[in-house]
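Residue numbers (my numbering): 248 to 359. Glycine included, every Cβ here is placed at the ideal spot set by N, Cα and C. Computed from a predicted model, the values in this text were never measured in an experiment. Scroll down for the structure; my scribbles are underneath it.
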């Protein structure tokens, strides 16, 4: 595992581990997790139960490399990770949150 050498990494019950073969789905998931709606769902669930099973109850849209909106979110998150200036990064993060919210809202609308 990169950064950990050959040591086995065991996630805590409040820490999630996601393994990806390429960086794009990881950036995408990071973007979704930074959206306000996901943050609110996690906070509401964890306050009520203090348990780490929120993702059993939250359905996030799966990464689709052929979807322009997914690729755009991925690129924004990548830019945010690479940006060293905190003011510039904050502007990118605001765009990440807006893009993620649009994707999640579209997913919710599809499920109705």
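Following the DSSP letters along the chain, one finds residue 317 inside the alpha helix (DSSP H) bounded by residues 315-329. Taking 8 Å as the upper bound for CB-CB distance, residue 310 and residue 272 are in contact here, some 4 Å apart. The alpha-carbon separation between residue 346 and residue 316 amounts to approximately 8 Å. The three-state reading of DSSP puts residue 352 in helix, counting H, G and I together. Remark: C-beta atoms of residue 348 and residue 283 approach each other more closely than 8 Å.
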